[in-house]
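Chains as they are written, first to last, in UniProt numbering: chain H, 1 to 963; chain V, 1 to 216.
We put the beta carbon where it would ideally sit given N, CA and C, even for glycine.
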Amino acid sequence: MNFLRGVMGGQSAGPQHTEAETIQKLCDRVASSTLLDDRRNAVRALKSLSKKYRLEVGIQAMEHLIHVLQTDRSDSEIIGYALDTLYNIISNDEEEEVEENSTRQSEDLGSQFTEIFIKQQENVTLLLSLLEEFDFHVRWPGVKLLTSLLKQLGPQVQQIILVSPMGVSRLMDLLADSREVIRNDGVLLLQALTRSNGAIQKIVAFENAFERLLDIITEEGNSDGGIVVEDCLILLQNLLKNNNSNQNFFKEGSYIQRMKPWFEVGDDNSGWSAQKVTNLHLMLQLVRVLVSPTNPPGATSSCQKAMFQCGLLQQLCTILMATGVPADILTETINTVSEVIRGCQVNQDYFAFVNAPSNPPRPAIVVLLMSMVNERQPFVLRCAVLYCFQCFLYKNQKGQGEIVSTLLPSTIDATGNSVSAGQLLCGGLFSTDSLSNWCAAVALAHALQENATQKEQLLRVQLATSIGNPPVSLLQQCTNILSQGSKIQTRVGLLMLLCTWLSNCPIAVTHFLHNSANVPFLTGQIAENLGEEEQLVQGLCALLLGISIYFNDNSLESYMKEKLKQLIEKRIGKENFIEKLGFISKHELYSRASQKPQPNFPSPEYMIFDHEFTKLVKELEGVITKAIYKSSEEDKKEEEVKKTLEQHDSIVTHYKNMIREQDLQLEELRQQVSTLKCQNEQLQTAVTQQVSQIQQHKDQYNLLKVQLGKDNQHQVSNSDGAQMNGIQPEEIGRLREEIKELKSNQELLQSQLAEKDSLIENLKSSHTSSGMNEQSSATASAQDSEQVAELKQELATLKSQLNSQSVEITKLQTEKQELLQKSEAFAKSVPVQGESETIIAAKTTDVEGRLSALLQETKELKNEIKALSEERIAIKEQLDSSNSTIAILQNEKNQLELEITDSKKEQDDLLVLLADQDQKILSLKNKLKDLGHPVEEEDELESGDQEDEDDEIEDGGKDQDHI
Amino acid sequence: MTYAYLFKYIIIGDTGVGKSCLLLQFTDKRFQPVHDLTIGVEFGARMVNIDGKQIKLQIWDTAGQESFRSITRSYYRGAAGALLVYDITRRETFNHLTSWLEDARQHSSSNMVIMLIGNKSDLESRRDVKREEGEAFAREHGLIFMETSAKTACNVEEAFINTAKEIYRKIQQGLFDVHNEANGIKIGPQQSISTPVGSSTSQRNSRDIGSNSGCC
Ligand SMILES: Nc1nc2c(ncn2[C@@H]2O[C@H](COP(=O)(O)OP(=O)(O)OP(=O)(O)O)[C@@H](O)[C@H]2O)c(=O)[nH]1
Ligand SMILES: [Mg+2]
């Protein structure tokens with residue numbers, strides 16, 4: 001109030017006395033008139049004066065106007081006038097064009113009146129309740145007034161609204177108002193309401209703001225919509241920027257999918273109005289809000305995935321490759337694509353395959369790089385391309401490899417038909433445009449970031465210089481250009497590339513040191529007393545030299561660590577060297593670059609530091625300083641300690657590995673044992689089963705044996721009789737007949753013999769009586785003797801026949817004799833035989849039947865026994881084999897158990913050894929510590945314990961709480 | 001991922017009872033042993049399946065500290081379900097239930113399903129509130145009741161799902177106007193497309209719903 005009085009006093013020449021009086025009169029009328037019409041007219045009059053005599057009306061009428069709001073709610077007209085008047089007093093919006101020089105003053109006015117208004121929190125609550133009034137005359141000025149209040153004193157008004165019941169929620173209803181003016185001003189109100197207030201942003205989102213706003217944007221025709229779309233987009237940005245909870249809600253509500261149509265701007269678009277450009281710009285920024293590198297990594301990556309899945313990234317790439325897109329939009333699209341792919345392998349892989357619709361199609365990356373190294377392209381566009389390239393390579397070893405490979409001799413396209421990324425980068429690196437040099441150097445450095453393989457690969461790159469001269473390595477060419485003293489930007493770029501290249505890569509350091517011109521160049525640069533603008537280059541040279549020492553593997557005799565350090569001592573001086581090194585991080589542009597990954601520079605002169613490089617500096621500055629300050633003795637000692645530590649480490653790791661392996665083995669063996677045990681059990685049950693089966697079989701067998709024994713006795717008693725009856729009476733008869741036949745045969749033969757004998761007698765007598773005719777008798781006698789011989793022969797055969805027959809007869813006779821004897825014995829043993837031959841015969845047949853049955857049975861039993869014994873043998877065999885398997889298993893088990901105990905013992909030994917080693921390491925560490933070398937505490941083993949402890953502490957804390 | 005319905009939940013109750021832990025266990029299957037005081041409100045979401053229907057749960061975990069009460073009150077309206085949580089090892093958190101319930105009933109739509117949760121059931125040795133007391137309170141005020149442990153995940157899934165089942169049942173009974181988003185319920189994108197296909201389908205649908213509610 002003091003302030004206001006001062007202002008009034010200063011303005012004494014301002015309003016005429018009459019106006020002040022008029023205002024006073026009007027105020028009196030508003031306060032005291034009992035007629036509504038009268039009051040309404042007075043308020044209306046105040047309203048008309050409120051713009052011109054803002055201060056006077058504000059001071060004199062505010063109180064009365066608020067009173068009207070409280071008491072005259074039934075009349076929307078007077079409420080409307082009162083709200084309008086208050087708006088005029090508080091708002092600075094309308095004032096600006098009236099008096100430009102007093103803007104500052106009027107701003108103060110606005111905030112002062114706001115302060116007065118909100119001093120009574122009920123006033124704001126009253127205003128909130130008036131906004132529920134549907135009447136246009138109330139709602140609209142109410143919205144505007146509240147918006148003004150929020151613009152004047154945002155945080156205070158926000159706080160009041162936040163604590164008034166359902167304050168925020170009620171304001172959300174404005175978005176659903178069918179009257180566009182109110183809806184649109186409602187959007188502006190919500191913009192002011194949500195500005196930098198996370199709690200309100202969340203409530204607004206909870207009240208379905210995303211849905212509503214996206215609906216409005218769609219209804220209005222996306223980017224073709226008017227300023228409403230712009231306002232909605234700004235509100236969306238308010239709700240999402242740096243608000244993880246809302247971003248998560250946005251993503252989970254599948255609203256990312258609804259952004260895709262925003263970017264469906266075809267190639268054939270007829271024109272880009274300023275509004276459309278603005279809208280699209282905001283749309284792109286909204287995408288970036290969701291995938292910003294400063295968001296929590298998990299949040300960004302899930303949004304990146306969603307953007308690929310719903311085709312948003314693809315849509316953005318279409319814009320990227322489209323023609324006729326305004327440079328502003330194109331640039332922002334590149335930045336957006338950059339952040340959508342950054343560190344997300346799937347999206348990066350997709351981007352690698354995006355082609356420009358040129359003929360022949362070229363990879364988008366190549367087309368973009370062409371712009372980066374093209375002097376005629378706008379600076380912001382070139383920065384965007386560099387960013388895109390960096391994001392493509394960020395955490396993308398595959399992409400890095402692909403880029404570097406386009407530089408390697410084997411893959412360079414000999415036909416020269418297509419330009420490769422590598423060629424463009426080399427072209428940029430060595431062009432006359434320092435901006436191109438810087439960009440290409442930084443881009444190439446990003447292809448090497450955290451990728452030792454590519455750092456080594458890049459050493460292979462050879463460049464053809466001029467015809468006739470031998471090719472020179474890329475590394476060499478970089479140092480050559482460096483020493484030629486080109487522009488600062490160029491040298492800074494190249495030095496950043498070299499530092500990145502050589503860090504963590506001893507082979508590259510060796511390559512670098514191999515060129516004997518390099519070290520003198522660096523020491524020269526650092527030692528010289530140069531102007532301020534050269535300080536950064538000096539710092540970078542110091543860093544490069546430091547890297548050459550720190551990552552030096554002492555493989556070059558002339559440039560061993562120690563020698564380089566001595567060189568620094570001699571030529572530069574340690575202090576001086578460290579001071580120069582410090583120039584980098586003390587540079588005014590350094591901290592700016594270290595904040596965000598995006599290369600974002602107000603103008604080309606500011607393009608000095610790369611974000612990733614600032615990380616490298618942070619990492620190396622300390623260790624290099626330390627390395628330089630260390631005396632050679634310390635160094636040696638440290639080296640030794642380091643070596644022994646390394647040795648110990650390697651021993652420990654070796655043992656650790658061994659233990660791990662043995663643990664694995666142990667585990668395996670344990671499993672084997674358990675499976676074997678299991679198998680063993682199974683087999684044992686099988687064996688017991690089989691044993692019981694065998695027992696059963698044995699029992700059966702015994703039973704059968706017993707049965708068989710009985711049968712056999714029975715059989716034996718019967719078979720005696722059978723043998724007695726073995727010779728049948730029929731047979732006897734038959735034999736007798738045979739004998740008879742043979743006898744008659746013999747008789748026949750004897751009679752024939754007698755005939756022959758008589759014939760022979762006859763012939764003898766006739767021979768002796770004929771002696772007259774000697775001749776005839778001689779022939780006759782010859783004939784006779786022939787006949788005789790024949791007869792004699794016949795006789796001999798007959799005689800032998802007879803002989804054999806008589807032998808046969810004797811044989812038969814003895815047989816007959818035997819048979820007779822037997823039948824006699826039989827007759828004796830069977831007394832009944834004597835009674836009746838028929839009975840005997842019947843009995844015999846009976847016995848014979850039984851006998852054959854028994855025989856049959858016996859045969860069957862015999863078969864069965866045979867089968868059973870076969871089975872038994874088989875079972876026995878089985879048993880034997882299972883017994884042997886069991887034995888084998890038992891053996892194996894024993895062996896395994898032995899092995900386990902062995903490995904346990906071994907492990908114990910190792911643990912002891914390990915403890916020993918630990919002890920040793922500890923002592924060495926202590927020694928190291930004593931030497932002033934910081935030792936990293938290895939606490940892998942302890943961390944688990946610590947967690948437990950934490951738990952306990954936690955629990956303890958809760959306990960206390962509880963008490 | 002499309003869904004048939006979307007339900008909005010809020011989690012309320014005294015500070016330190018384990019509201020954020022319950023949400024974290026439900027969405028990420030993790031437990032956070034350190035009390036990370038919630039400032040204002042945090043959002044979480046997960047899909048569940050009820051009767052073969054995909055239902056998206058959007059959950060707002062509110063701060064239990066008194067100073068945030070005015071902020072968290074804004075979330076009652078527009079929530080279809082609320083998990084009212086107390087800590088079975090701290091009786092005062094149980095004693096405060098009445099005031100929480102009053103708050104909820106005052107600011108929410110009358111149909112809001114409230115699930116009473118006695119959390120930290122793993123700390124049986126330090127139990128200060130009997131299960132029967134929780135059951136009785138729930139019975140008295142018409143709430144569903146469960147004891148959970150955000151630490152062991154015991155009943156956590158069930159607490160969220162049973163609440164959803166109850167809301168779903170109320171929808172089928174026609175107690176919720178699913179077209180009014182202020183009730184904290186939204187029909188999924190596919191659902192809203194399939195509804196206006198023809199009167200016959202919608203009739204069949206309504207009959208289906210009727211028969212379903214009959215068997216429940
Ligand atoms: N033993 C046990 N501890 C739990 C359980 N749930 C939560 N806690 C612990 O209780 C403490 C508080 O949990 P929070 O989930 O952060 O509590 P909150 O209800 O969200 O608290 P506010 O955010 O302040 O409202 C933490 O230390 C948790 O580890 C549980 O089921 N069992
Ligand atoms: Mg919490």
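Item to check | Exposed unless 16 or more other CB atoms sit within 10 angstroms - verdict on residue 597(H) | outcome: With 16 or more other Cβ atoms inside 10 Å of its own Cβ, residue 597(H) counts as buried.
Item to check | Proximity to residue 649(H) [Cα-Cα], best of 684(H), 286(H), 920(H) | outcome: Considering only alpha carbons, the answer is 920(H).
Next on the checklist: I'd like the span of the alpha helix (DSSP H) that includes residue 397(H), first residue to last.
Outcome noted: Element bounds for residue 397(H): 397–405.
Checklist entry - What are the start and end residues of the alpha helix (DSSP H) that includes residue 82(V)? => result Counting along the chain, residue 82(V) sits inside no alpha helix (DSSP H); it lies in the beta strand (DSSP E) bounded by residues 81–87.
Checklist entry - Pick from 109(V), 76(V), 119(V): whose alpha carbon is nearest that of residue 20(V)? => result The residue among 109(V), 76(V), 119(V) with its C-alpha nearest the C-alpha of residue 20(V) is 119(V).
Item to check | Element boundaries [alpha helix (DSSP H), containing residue 248(H)] | outcome: According to the DSSP assignment, residue 248(H) belongs to the alpha helix (DSSP H) that extends over 244–252.
Item to check | Outcome for residue 510(H) when other beta-carbon atoms lying within 10 angstroms are tallied against a minimum of 16 | outcome: Label assigned to residue 510(H): buried.
Checklist entry - residue 845(H) to residue 805(H), Cα distance in whole Å? => result Near 36 Å, if we compare the C-alpha coordinates of residue 805(H) and residue 845(H).
Next on the checklist: Within 7 Å of any Cβ in chain V, is that where the Cβ of residue 248(H) sits?
Outcome noted: Chain V, which has a Cβ nearer than 7 Å to the Cβ of residue 248(H), makes this yes.
Checklist entry - Going along chain V in order, which residues have a C-beta closer than 7 Å to the C-beta of residue 165(H)? => result Going along chain V in sequence order, the residues near residue 165(H) (Cβ under 7 Å) are 73.
Next on the checklist: Let me see if you follow: with CB-CB separation under 7 Å, is residue 192(V) close to chain H or not?
Outcome noted: Caution applies to residue 192(V), whose pLDDT of 46 falls short of 50 and renders its modelled position unreliable; the value that the coordinates give is listed next. It does not: the Cβ of residue 192(V) has no partner Cβ on chain H nearer than 7 Å.
Checklist entry - Cβ atoms of residue 694(H) and residue 886(H): under 7 Å apart, would you say? => result With contacts defined as CB atoms closer than 7 Å, residue 886(H) and residue 694(H) fail to qualify as a contacting pair.
Item to check | Entirely enclosed alpha helix (DSSP H) segments - the UniProt repeat "ARM" (60–97) of chain H, minimum 4 residues | outcome: Counting only runs of 4 or more, we get 76–90.
Checklist entry - Mind pulling the chain V residues with CB within less than 8 Å of residue 193(H)? => result The contact set of residue 193(H) on chain V, defined by CB atoms closer than 8 Å, is empty, because the minimum CB distance reaches about 13 Å.
Checklist entry - Beta carbon of residue 238(H), beta carbon of residue 170(H): below 7 Å? => result The answer is no: Cβ separation not under 7 Å.
Checklist entry - For residue 60(V), which beta-bridge partners are listed by DSSP? => result In the DSSP output, where bridge partners are listed per residue, residue 60(V) has 10(V), 43(V).
Item to check | Rounded separation between residue 362(H) and residue 250(H) - CA only | outcome: Roughly 36 Å between the two C-alpha positions.
Checklist entry - Using a C-beta to C-beta distance shorter than 8 Å, which residues of chain V count as neighbours of residue 208(H)? => result Within chain V, the C-beta atoms nearer than 8 Å to that of residue 208(H) come from 78, 181, in chain order.
Next on the checklist: Does the beta-carbon of residue 19(V), which I'm using as the reference point, lie nearer than 6 Å to any heavy atom of ligand 2?
Outcome noted: For residue 19(V), the shortest C-beta to heavy atom distance toward ligand 2 is below 6 Å.
Checklist entry - Between residue 498(H) and residue 424(H), is the Cβ-Cβ spacing less than 7 Å? => result Taking 7 Å as the Cβ cut-off, residue 498(H) and residue 424(H) do not qualify as a contacting pair.
Checklist entry - residue 139(H): which of 189(H), 902(H), 212(H) sits nearest, CA to CA? => result From the listed residues 189(H), 902(H), 212(H), the smallest Cα separation to residue 139(H) is found for 189(H).
Next on the checklist: According to DSSP, is residue 363(H) part of a helix, a strand, or is it coil?
Outcome noted: Looking at residue 363(H) - three-state DSSP - the assignment turns out to be strand.
Checklist entry - CB-CB under 6 Å to residue 145(H), same chain, minus the five flanking residues each way: which ones, in chain order? => result Excluding residues within five positions, the ones whose Cβ falls inside 6 Å are 83, 86, 87.
Checklist entry - From which residue to which residue does the beta strand (DSSP E) around residue 186(V) run? => result Per DSSP, residue 186(V) belongs to the beta strand (DSSP E) from 185–187.
Item to check | alpha helix (DSSP H) segment containing residue 204(H), residue limits | outcome: For residue 204(H), the uninterrupted alpha helix (DSSP H) segment begins and ends at 198–206.
Checklist entry - Does the region 275–291 of chain H come within contact of the region 240–259 of chain H, defined as at least 3 CB pairs closer than 8 Å? => result Yes, the region 275–291 of chain H touches the region 240–259 of chain H.
Next on the checklist: Taking the alpha-carbon of residue 129(V) as reference, which of 106(V), 71(V), 58(V), 85(V) has the nearest alpha-carbon?
Outcome noted: Nearest option by C-alpha distance: 85(V).
Next on the checklist: I need the DSSP call for residue 921(H), collapsed to helix, strand or coil.
Outcome noted: Here residue 921(H) sits in helix by DSSP.
Next on the checklist: Is there a Cβ of chain H sitting closer than 7 Å to that of residue 43(V), yes or no?
Outcome noted: Yes, contact with chain H.
Checklist entry - Taking the alpha carbon of residue 8(V) as the point to measure from, which residue in 208(H), 150(H), 702(H), 33(H) has its own alpha carbon closest? => result Distances from the alpha-carbon of residue 8(V) to those of 208(H), 150(H), 702(H), 33(H) put 208(H) closest.
Checklist entry - Considering only the beta carbon of each residue, do residue 522(H) and residue 556(H) sit closer than 7 Å? => result With a cutoff of 7 Å on beta-carbon distance, residue 522(H) and residue 556(H) are scored as not near each other.
Item to check | Residue span of the alpha helix (DSSP H) that contains residue 335(H), given as start and end | outcome: Start and end: 327–341.
Item to check | Amino acids of chain H, ordered along the chain, whose beta-carbon sits closer than 7 Å to that of residue 70(V) | outcome: Those are 162, 163, listed as they occur along chain H.
Item to check | Closest Cα partner of residue 274(H) within the set 25(H), 808(H), 328(H), 262(H) | outcome: Between residue 274(H) and the set 25(H), 808(H), 328(H), 262(H), the nearest pair of CA atoms involves 328(H).
Item to check | Every unbroken alpha helix (DSSP H) inside the region 251–320 of chain H [4 residues or more] | outcome: Runs found: 274–290, 297–309.
Checklist entry - What is the DSSP secondary structure of residue 54(V), reduced to helix, strand or coil? => result Residue 54(V) sits in a strand when the DSSP states are folded into three classes.
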